[in-house]
Structure formats: C-alpha cells, structure tokens
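Working notes, beginning with the structure itself.
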Amino acid sequence: MNVLLLGSGGREHALAWKIAASPLLTKLYAAPGNPGIGREAELVKLDIADHSAVAAFCKDREIGLVVVGPEGPLVAGISDDLRGWGIRVFGPSRAAARLEGSKGFTKDLCARYDIPTAAYGRFADLASAKAYVEKMGTPIVIKADGLAAGKGVTVAMTMDEALAALDACFDGSFGTAGAEVVVEEFLTGEEASFFCLCDGTTALPFGTAQDHKRVGDGDVGPNTGGMGAYSPAPVMTPQMVERTMREIVEPTMRGMAATGAPFAGILFAGLMITDEGPKLIEYNTRFGDPECQVLMMRLKDDLLVLLNAAVDGQLAHMSARWSDEAALTVVMAARGYPGTPEKGSVIRGLDEAASEGAQIFHAGTAINGGALVANGGRVLNVTAIGATVGEAQKKAYAALDRIDWPQGFCRRDIGWQAVAREKAGAS
Ligand code: AMP
C-alpha cells in the first residue's frame, strides 16, 4: 500500500517512522514533511489547503491511505473532500472535528450526554459574558470558542485577568475563534492525556501521556505547544482508563453517531483527574505533539494495520499492545520560542546523540546549503525508552547533551512528577 502523510512536525516524523516499519507499506510520501521525515518518506511539494491538488496526487501515485497529522486540515474538511473523490483517509470528518474546532459544541455534547466536565456558560457578547464571570467569581477559565493555536485559553486567578481575557476575545485578538466564548469552572487535580483510536463506532484505548506546556523548568513561564512528554501517565491506572471510557469516551462516541457525525480518527481527551474522578477539559481530534512521539515508541503493533482497521470500521476485532517500558521526549526549541524563534542556526551532532540509544524526531528543521538548520520554534524531539520514566529521562538527556546547537534550549526537568513518584515508591 502507498501512503501519503500530511504534516511537517515531530508528531508526523514519529508517525512516518512507525508507518515506515510496516510490512504492509509499499511507499510512503509526505507533504510537506521535514528533513527527518525525508529519511522515512519521499517528500512532495503539495499545498495541503488545495484539496483537489492533494486528490490528484493520490490518484496519480495510487495512494491507498492518506494520514492527516494536524488539526487545521481536518477542521477545513480535507477528509470529507478526499473521501468524496474516493480516497481512503485516516482522520475525522469536518463535522466530527468540531469536537476540537468548537469548544462550545463539545460542552453542549457533554451537557446532553452527562459527560463529566467543568460547569460552563457560552456567550456571544461581552456584556453577558462579563455578568456571568462576575457572578461566578475567580479562579475561572476563559476560552475562545474556535481554534486559536493553543493561545485562546486563560486560567484567570483574578477578576482583572478574567475581564481582560474576555476583552481580548471580543476585540478580535483571536480572529473569528474569539467571536464566541466559553467561560468555565476552574478544575483542580492532575492533568493527563488519553488517546483512543476510533472507527465511528468502536473506541480502542490508545495510550496515555502527560506533557509539559510551560516553557520553563518547574512549570513556569508562558505556555507553549509542549516542551516534553512521557508515557504512560501514572495517574491513568487501568481503573481510571475504564472509568474514562465508560463516563467520557463511550458517551461521546454514541453522541457523535446520534448527531450524524460518527467519530473516526484519533480522539485525544485532555483530562483533569479530580477527587470526583476524570473530567474532560477538552478534546483534540488528532495525536498530540509531542505525545505522539512517546506513544509511537511504545506501540508494539503495526500502526498501518490499526489505521486501516479504523478506516474500515473494524476496530471491534482489534487490540493494541504497548511496551511495559516508559518513553520520554524532550523538546529542543530555538532561542526566542514561544515568542519569535531565531531561524537558521546550524545543528550538529545528531548521529552522536542517536548513538546513545535515543530516537530523534525532527519538528522545525530544514536543510540549508547542505547543513541542518533550525526552521521553527520547536525544532527537535529527543526521545528515549527505559524501564522507568527516570531511566528514559536519563537516556534522553544523555543523548540531548551530545547535540551541538548553541542556539537551542530545552527544559531540564521533563517527567519530574513521575520521577518523583518513582523515587517515593522506591523508598
Ligand atoms: P485547553 O487548551 O482547553 O487544553 O486548555 C489549556 C490548559 O488550560 C489546560 O491544559 C489546563 O491546564 C488549563 N485548563 C483548561 N481548562 C481548565 C479548567 N476548567 N480548569 C483548570 N484548568 C484548565
């Protein structure tokens, strides 16, 4: 089977690496890809936003499956358009991708199907949103309804912050994403990411992870797309997974099917594990980045077989096996990130780093004059596996320290909660 993978980040490099290992694969193409993906796939210049051009390429190269990495093309309806041309696609329809594309849609689904989540209100005008916030008090969470590149959420500890966040949404800071606002109750507990592979009817649990969103050690500083992750998430015990499936994922699958938008693809539940049990913070409709990188390190089965089963509605007959080991990834970012990253600095030493037993996924890299250079905010994902999170952490940092890239930086404490827990358990 020929496969076309869409996307260009570390998530897509990890997917390419795993798909390339499948005996089912004849040839892998990626668009636009990056130099790391280029080692696993033939890179093709395609405008992903031009769905008819993508379809023409698929027909020409006899693509048997298109795998969509990022959320943008899903919300833009690439799955529907390609399917309309008779092309098999792994990724939810535009209607099903509303689980990520509209926070209000998801909150209403939760209300209708009794799915545990933070109490909320939806507002399309500033005055009524302010009145609600003033009634509820702080801490409180303000969210732009639509996709805002991870920047549309404010956890406000003071009334001034909350009101400023509402002003920012309604004055157009997030474009159309902020035209509607969700205001919700502040939840406390431990966060975890939970993934399911879905075929419209069946949801197959597909791994757990925890990530680090803040740029600085000790979880301080501005939010980022993610500075590192590890899998599994210790808080997601088998009982917690079972409860999450029963209380959150399965009603979601039933609800989506009942509204005529059955969910097929990766369902990524951002959870808060509270004293009362798991509560849904948000859904994403694709793999997390960098969570995908740690999941792919632990997946023992053939990813391409599983993706095909999801597309064909055959997941009820499948299982997914995971390594008992822990995986951990550290993001190396370019100086300036999450503001404006410096581009163009030369990166050396990746072979030496890989020789430490780590897998190095490329995110924002490019080739310039034969040299590997930084070409984005998050640039490399140094990923390792070990008997414990602590061991994986040690291996990942040993590899990372062999990378020669003075303009890059990383957090030095990825996995700290899990490592502390392991140490407490051992003593
Ligand atoms: P989101 O983009 O919805 O995942 O939100 C980004 C981050 O904001 C989450 O990972 C949480 O850390 C935090 N957050 C979102 N909603 C809530 C909530 N209701 N209570 C507490 N923290 C939240």
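Heads up: the sequence shown at position 13 corresponds to 167 in our numbering, and the numbers run straight through without jumps. Just so it is clear, CB atoms sit at the ideal spot from N, CA and C, and this is done for glycine as well.
Backbone secondary structure at residue i - three-state DSSP
| i | result |
| --- | --- |
| E315 | helix |
| T542 | coil |
| H516 | strand |
| I486 | This sequence places Met at residue 486; Ile is not what is there. DSSP places M486 in strand when its eight states are reduced to three. |
| Y491 | coil |
| N462 | helix |
| C350 | strand |
| D373 | coil |
| A412 | helix |
| E334 | coil |
| Q364 | strand |
| P392 | helix |
| L228 | helix |
| D558 | strand |
| W239 | coil |
Own chain, CB closer than 8 Å to residue i, minus 5 neighbours either side, in chain order
| i | result |
| --- | --- |
| L178 | M155, D456, L458, V459, N462 |
| Y437 | L253, E254, T260, T406, L421, F422, A423, G424 |
| T398 | F348, M390, A423, L425, P432 |
Buried versus exposed, by CB contacts within 10 Å (16 or more), residue i
| i | result |
| --- | --- |
| R276 | buried |
| M311 | exposed |
| S509 | exposed |
| R408 | exposed |
| E396 | exposed |
| T342 | exposed |
| N529 | buried |
| P560 | exposed |
| K261 | buried |
| G258 | buried |
| I521 | exposed |
| R502 | exposed |
| T330 | exposed |
| S256 | buried |
| Q393 | exposed |
Alpha carbon of residue i to alpha carbon of residue j, nearest angstrom
| i | j | result |
| --- | --- | --- |
| Y183 | E338 | 42 Å |
| A578 | T391 | 18 Å |
| C350 | G361 | 7 Å |
| A249 | F441 | 18 Å |
| G372 | A210 | 48 Å |
| P432 | M426 | 6 Å |
| K172 | I217 | 18 Å |
| G306 | C264 | 20 Å |
| D466 | C446 | 22 Å |
| Y274 | A316 | 14 Å |
| K199 | A185 | 6 Å |
| Q468 | C352 | 10 Å |
| D429 | I269 | 16 Å |
| G511 | E194 | 18 Å |
| G326 | D299 | 12 Å |
| V335 | L434 | 18 Å |
| I539 | P224 | 25 Å |
| A284 | S247 | Strictly speaking, residue 284 in this sequence is Lys, with Ala absent from that position. Their backbone Cα atoms lie some 34 Å apart in a straight line. |
| L504 | I202 | 29 Å |
| G291 | L219 | 49 Å |
| V403 | A525 | 45 Å |
Spatial neighbours of residue i in its chain, beta-carbon cut-off 6 Å, leaving aside the 5 residues before and after
| i | result |
| --- | --- |
| G245 | V222, L228, S233, G419 |
| P376 | V369, P492 |
| T308 | I296, A319 |
| G569 | Y384, L482, V543, Q547 |
| F324 | L280 |
| R475 | K454, D455 |
| V484 | G382, V536, A550, L554, C564, I568 |
| H167 | G190, I191, F515, H516 |
| K181 | N156 |
| A470 | T356 |
Cβ neighbours of residue i in the same chain (closer than 7 Å, five flanking residues each side left out)
| i | result |
| --- | --- |
| H205 | I232, D235, L236 |
Minimum Cβ-Cβ distance from residue i to chain D less than 9 Å
| i | result |
| --- | --- |
| G524 | Of the protein chains in this structure there is only one, and it is not chain D. |
Whole-Å CB distance - residue i paired with residue j, under 8 Å assumed
| i | j | result |
| --- | --- | --- |
| P416 | T355 | 7 Å |
| R165 | D443 | 4 Å |
| M486 | G562 | 5 Å |
| V287 | A363 | About 32 Å separates the two Cβ atoms, so there is no contact after all. |
beta-carbon residue i near ligand 3 non-hydrogen atom, thresh 8 Å
| i | result |
| --- | --- |
| E436 | Ligand 3 is absent from the structure shown, which contains only ligand 1. |
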